[in-house]
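**Student:**
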Amino acid sequence: MFHGTLLAGTTGEFHFVAADTDDDVQRTGVDAGYVNQQLEQCRAAQKVAILDCCHSGGFARGLSTKGGKRARQEPMLAPRDVFIMSSCLDDQVSYGGGETEDGPQPSRFTGELVKALHSGYADTGSDGMVSAGELFDHVSKQLRRTFSLPQMPVYSALNIHEPIYVARSYLGPLPRTSEIKLPPPKAPTLDADRQGSWPRLLEYYRKCLAAETSSMQLMGVEEVGESYVCWEGEERLLSGDVEADGSVPTPPEAVELVERAIEEEAQLWCGYPTVVVVKSDDGKRFPTHRFAPLFIRRVEIRVDGDELRLCAVGEPELHPQLRGAAPDDFRPMWRGGAHHEMVREVRSALEKYAELPVMGLLDPSSLEPVIDVRTPNSGSRNSAVLFVISTVRDQSSSQVATELDEIGRRAAAVGNTALGALLGPAAQPVEPKWEPVTPMRLNEGQQAVIESAMVNRLTVATGPPGTGKSQLVANLVATAVANGQKVLVASTNNKAVNVVSDRCQELVPGSVVRTGSSRPVNYRERERDSLQLLATITPPPVNSSTALARLAMARRDLDVVTKAMADKAEAERKLLATGQSRDRAAADLGRSTAELRAVFATVVNLDAHAAKASRLAHARLLATWRRRRYLKSLAWHQEPTVETCHALAAWFQVDAEWTRGRAVVAQLPPDDVETQALARCQQAVQDASEQVLDSVVRERAIGGKAKILRLMNASASRSPDWPDVPPVLSAVGGWAVTTRSIRRFPTQPGLFDLVIIDEASQCTVADVIPTLFRAKRALIIGDAMQLSPVVTLKPALEAQARAEAGIAADWLEKHRLSYHRHSSFHAFETARGGSMLLDEHFRCHPDIAEIANQHFYGGQLTVLTDVRNLRRLPERDEGVIWSQWAGRAARSSGGSWVNKDEVERVLQAVTKLRAELPSGAQIGVVTPYTAQATALKRRLRDQPEVLVGTVHEFQGGERDVMVFSLVASKDMPAGSRSWLNRQLNLWNVGITRAKSHLIVVGDQDLWGREGGLGAVLADAAERAKTRVAAGRDDELSRLLFARLDGPSVRVELNKTVHGHRADAVVENGARTRAVLLDRGCEDGSASWHLRRQHARAGLLDGERLPAWRLFAEDIDALPN
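Be aware that the sequence shown starts at -14, since it is given in our numbering, and climbs by one per residue.
#1: Between THR977 and GLY448, which are expected to be in contact by the criterion C-beta below 8 Å, what is the C-beta distance as a whole number of angstroms?
#2: Please classify GLU228 as buried or exposed, where buried requires at least 16 neighbouring CB atoms within 10 angstroms.
#3: Measuring straight from C-alpha to C-alpha, what distance separates THR174 and CYS489?
#4: Please say whether SER981 and VAL891 have beta carbons closer to each other than 9 Å?
#5: Nearest-angstrom Cα distance between PRO711 and GLY996?
#6: Could you tell me the distance, in whole angstroms, from the CA atom of ALA874 to the CA atom of SER868?
#7: With a Cβ-Cβ cutoff of 9 Å, do LEU802 and LEU443 count as a contact?
#8: Looking at the unbroken beta strand (DSSP E) that takes in ILE356, where does it start and where does it end?
#9: Does ASN970 come out as helix, strand or coil in the three-state DSSP assignment?
#10: DSSP three-state call for MET70: helix, strand or coil?
#11: Tell me, which residues are paired with GLU1037 by DSSP?
#12: Whose C-beta lies closer than 7 Å to the C-beta of ARG962 among residues of the same chain, with five residues either side of it excluded?
#13: Which residues share a DSSP beta bridge with LYS553?
#14: Roughly how many whole angstroms lie between the Cα atoms of PHE737 and GLY501?
#15: Over what stretch of residues does the beta strand (DSSP E) that includes LYS32 continue unbroken?
#16: Residue range of the alpha helix (DSSP H) that HIS0 falls in?
#17: For ALA572 and LEU1061, I'd like the C-alpha separation in whole angstroms.
#18: Any contact of the segment 1080 to 1095 with the segment 553 to 572, i.e. 3+ C-beta pairs under 8 Å?
#19: Counting along the chain, where does the beta strand (DSSP E) carrying VAL370 start and finish?
#20: Considering only residues of the same chain and omitting the five flanking positions on each side of SER881, which have a CB-CB separation below 7 Å?
#21: Put GLN252 into one of helix, strand or coil per three-state DSSP.
#22: Among residues of its own chain, excluding the 5 on either side of PRO625, which ones have a beta-carbon nearer than 6 Å to its beta-carbon?
#23: Around the C-beta of ASN854, are 16 or more other C-beta atoms found within 10 angstroms, so that it is buried, or is it exposed?
#24: How many Å lie between ALA900 and ALA790 at the Cα?
#25: Any chance you could list the beta strand (DSSP E) runs of at least 3 consecutive residues sitting entirely within the segment 876 to 900, in chain order?
#26: Classify LYS1010 as helix, strand or coil using the three-state DSSP reduction.
#27: Quick one: give me the first and last residue of the alpha helix (DSSP H) that ASP795 is part of.
#28: Would you call the CB atoms of ALA1009 and GLU863 closer than 9 Å?
#29: For the alpha helix (DSSP H) that contains ALA604, what are its first and last residues?
#30: Assuming contact is defined by CB atoms lying nearer than 9 Å, are LEU983 and VAL865 in contact in what I supplied?
#31: Measuring straight from C-alpha to C-alpha, what distance separates LYS418 and VAL740?
#32: So the alpha helix (DSSP H) GLN869 belongs to, where does it begin and stop?
#33: Helix, strand or coil for PRO258 per DSSP?
#34: Could you spell out the range, first to last residue, of the alpha helix (DSSP H) harbouring GLY941?
#35: In three-state DSSP terms, what is MET114?
#36: Is there contact between the segment 473 to 493 and the segment 740 to 757, where contact requires at least three CB pairs shorter than 8 Å?
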């Protein structure tokens, strides 16, 4: 039983909050997904979970996105075979019991529950036993009867088909509630024997990798065209009904799959019959239909002129997932082409080993063209498949496992690497003095990350979409290389690595060498090309010493400008505070500031008058006479009271501060001069940094030419070249590789001074361990709100690996280290105690970016996208456009969802976009459902320039315009729509791929009622039409309007200009001007505040108006 609260953390995951949970819910709460996993893995025959906490109904009934209208939903976590009793709905609080003279009382829900058990009243069946259902019904009824505040208990009983008895009926006297005493809570402790250590953790990951890649997995029926195709007509390969040369022609429906297998060097297999499996080993239904062919056989591809022919090799065998209790030496036997003998073997194997029924007629001579999923039961289907198995992942997983073994044998060295920070404090590296070398534009958040990564063992940064992650990494690589260090950029996918390496190569050729495997893309060839370039490189036009001196001068100039801007921001902040205090002081005297200025125009020494008025306020001897005489000298006609003198003293003091502040601000450079100086100095630093990097790369390569040639010769001769790799790193400092190709470099602790793991949210912990073992320092950069790594390991196999490694589930959860639940970003963010945020966004139209900012990143981002540079639709300023289309969603043959009507609407949208967008604009079509993506790809296959795919396929990409096909319709079950609404990471990726326009195709009315992110997009589309921005309605806004308004002037507040909010738009005749009201910097932000304000004003084509000017009496303090 749990008492507490159920809340959403910053990553969108829901957590149980206990008494000692702090503001960092993600770190100090308990992940609801983890609770669900433990409930499902518990082997008890009957399980009951009682949750007495606020919003607990979300666990039993499903959780809706905050801010949306709640619709009926299926369970979010779907814990089956568990009776879940929650004290309230997901939008309600659970009320406590309060304090009495007898001490604290149980909560309302728990109190009624305990009474029901003690009294026996819950035994409504009078059979002497209290079931979970009876207990819930009684407690719910009692709460409604005795408690007036809104608290409605709910329950979930998925897959519960018989009563669960929780107590025998008690027939004794009912004790008072105050007599119910609970033992004091004990501090939670972890079993010391089950806590993690490096040997155990490495063994756990090794076993998980082995379990995940040891055998073929079940395939999803919806993967048709991607993982498999159905063989039409007559089965020939498995049965051996082949031509004289032992082969058969590739059927037309399989040509594309076969060609892809060749390109990706994947294994090709055939199988018959397909066996659909609707439930997992533990009896839980799969969300979509899974299948595997019963008998399988390897297939080789032969080229005969222009024709691709297929040849079955080896003996038929049982699919690993359907072997059951078959002996290891079992081999089916039939004569070539003898279909009736093959059917006999099929029936026998299904009955004896797979223990599944034959569903319908088995006739290999007349195959079904698709896998039948209309039949609701598991069993065989009369269809044959040709399917691919990727060997790359299996081989790379094997290499990772080998690496883990090697690291395990050298566990004592882990503490001196960046990897050591994962399980505890690692020794801090001793780094020499370094200088920043940043050939690309750099903001303060990126600079802070670089400063940390150059000195700390572990740095973790959150990089939301469009915040300049690749720019940051390129600058960090340049800094490390230019300072003579060895740096490696790595990620789990080639796309992320290529983005960074290509950007570095564009800056200075040879600054980063891209390496890796030789297939499917030959990165070893790219390595040879880069090394050849460096081996023949010429001396730099300017040596590194001269270039560094020039960079130092440029940085000093930039520091002077930024220091002046910080001083200006601080001076304006103080002046604003003084102006506000001055207005209040004037109000205390019953006058305006302008009136007081006129009255006291002849007063010269304001500080002296402030001091004198204060003394008179405290005077005792002849006090009234002295005050009256003083007021008369000022021509101030009020009673000579203490209050009057206090008010005058306050006015003179604050007016003196105002006068001094105005004098200081008047000496500061105007905004246009300041912005020009900043841009000039920033460009000078970038140019000088690029020259430094070029000089150092050339000098290091020339000095190490012999080492480069030695490595090239060893690689060309195909002899082991590992001994030649470490020496070459002193000559070639920058490298880039995927984590699965890390064995390009020897398993040497601290081989690199710095390793950067990009897109860490898509990397498993096991993937990055070998890479970080080679690092002295590491930067882990990712985003918990992006898609997680795809892990196919079954929970039961993970639990087995955990048990065999002797490691506890709660320890893994505490450190965010579980193989199948946590990414490397989760793990290292937890180890570091948080992450640094890149908080300036430059990619998406503000309408799009603000949705992600507010709903995924807590409003912490500053959106600085220049809409004027985006490729947009003519006459369409809005970023979010809704294309209304209801359509009808239906399940595909694979179980995924498709909306054929919506497909047509998407095609219309793409046609219109291609006609109206400017030349070079890129279009993407994204959808959450595989079946919809397949249908769209089929219809758009003649338009290869239009990228179509699921959200997972678009991770890390971007397009000028994205068409988002939501698919859902009123015909879709509420639970399926609810599932989509809960996939926050999926929504985030889908939304933030669009730069100029996000065109949402779907039923706007339906999503408006459904709530969640669909409703957010619908609202954003409507709001974008008005171009009225959500802004502030405060004292400064009203004062701004009052100061700008006039007879010939039209003023509108909170108006959208170029996608960004202007505090005011002023129309004066033919001239229109946008005004950005600068409300002053906050504490600690002076260094960057003014730069952002200048940038925002530039995006508006407008003018920055410091808020202090609103309190100035002279009209020329306002814009013209």
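Backbone N, C-alpha and C define an ideal beta-carbon position, used for all residues, glycine too. Note that the structure is a prediction, hence the values are computed from the model and not measured.
**Tutor:** By the coordinates alone:
#1: Going by Cβ atoms, the distance from THR977 to GLY448 rounds to 12 Å, so no, they are not a contact pair.
#2: Exposed is the call here.
#3: With a pLDDT of 43 at THR174, under the threshold of 50, the modelled position of this residue cannot be trusted; read the value that follows with caution. Straight across, the Cα-Cα distance linking THR174 with CYS489 is about 48 Å.
#4: No.
#5: Taking the straight line from one Cα to the other gives about 56 Å.
#6: For ALA874 and SER868, the distance between alpha carbons rounds to 16 Å.
#7: LEU443 sits away from LEU802, with the two beta carbons spaced by 9 Å or more.
#8: Counting along the chain, ILE356 falls outside any beta strand (DSSP E), and DSSP gives it neither H nor E.
#9: Helix at ASN970.
#10: Reduced to three states, the DSSP call for MET70 is strand.
#11: GLU1037 pairs with VAL1050.
#12: These residues qualify, in order along the chain: ALA953 and GLU995.
#13: Note: LYS553 sits in no beta bridge, so no partner.
#14: Rounded to the nearest whole angstrom, the CA to CA distance from PHE737 to GLY501 is 16 Å.
#15: For LYS32, the uninterrupted beta strand (DSSP E) run begins and ends at 32 to 39, by DSSP.
#16: Counting along the chain, HIS0 falls outside any alpha helix (DSSP H), though it belongs to the beta strand (DSSP E) covering -1 to 2.
#17: Each residue's alpha carbon lies about 28 Å from the other.
#18: Of all C-beta pairs linking the segment 1080 to 1095 to the segment 553 to 572, three or more are shorter than 8 Å, placing the two stretches in contact.
#19: 369 to 374 is the extent of the beta strand (DSSP E) around VAL370.
#20: Once the five neighbours on either side are set aside, the close Cβ partners of SER881 are GLU207, THR273, TYR914, THR915 and ALA916.
#21: In the structure shown, GLN252 falls within a strand segment according to DSSP collapsed to helix, strand and coil.
#22: These residues qualify, in order along the chain: THR609, ARG612, ARG613 and LEU616.
#23: Around the beta carbon of ASN854, fewer than 16 other beta carbons lie within 10 angstroms, which makes this residue exposed.
#24: Taking the straight line from one Cα to the other gives about 60 Å.
#25: The segment 876 to 900 contains no complete beta strand (DSSP E) run of 3 or more residues.
#26: Here DSSP, grouped into helix, strand and coil, assigns LYS1010 to helix.
#27: That run of the alpha helix (DSSP H) goes 794 to 799.
#28: Closer than 9 Å, so yes.
#29: Unbroken run through ALA604: none, as it is neither H nor E.
#30: Contact flag set, yes.
#31: Answer to the nearest angstrom: the Cα atoms are 19 Å apart.
#32: If you look at GLN869, you'll find it isn't in any alpha helix (DSSP H); it sits in the beta strand (DSSP E) that goes 865 to 869.
#33: Under the three-state reduction of DSSP, PRO258 is assigned to strand.
#34: No residue range can be given for GLY941, since it is assigned to no alpha helix (DSSP H) and is classified by DSSP as neither H nor E.
#35: Here MET114 sits in strand by DSSP.
#36: In the pairwise beta carbon analysis, the segment 473 to 493 is classified as touching the segment 740 to 757: at least three pairs are separated by under 8 Å.
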